[in-house]
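Residue numbers (full-length UniProt numbering): 1 to 77.
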């Protein structure tokens, strides 16, 4: 088995960059979603809030996973 450490470290850096990109996109989406939140009331607003909470958690989990993959990949190189 041949290892290419510079390429592996580059890949770890790419993953960290992807996490940053996802976090930035998530912030942009949050701005748009804030406008929707103020417009929806009643049952629709309650449903929206539940979905929004799930979206926020999923985004946080995804960013955290990319950071963890990057750190693990770098530590194992």
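By construction, the Cβ of each residue, glycine as well, lies at the ideal position given by its N, Cα and C atoms.
Which value, in whole angstroms, describes the spacing of the CA atoms of residue i and residue j?
| i | j | result |
| --- | --- | --- |
| residue 57 | residue 64 | 10 Å |
| residue 42 | residue 36 | 13 Å |
| residue 32 | residue 74 | 35 Å |
| residue 48 | residue 23 | 21 Å |
Please name the residue in the options whose C-alpha comes closest to that of residue i.
| i | options | result |
| --- | --- | --- |
| residue 28 | 59, 73, 67, 42 | 59 |
| residue 54 | 19, 7, 30, 66 | 30 |
| residue 106 | 6, 3, 7, 19 | The chain is shown from 1 up to 77; residue 106 falls before or after that span and cannot be answered. |
| residue 26 | 68, 76, 77, 61 | 61 |
Output the residue ranges of the alpha helix (DSSP H) runs that lie fully inside the segment 22-66 and measure 4 residues or longer, sorted by chain position. none
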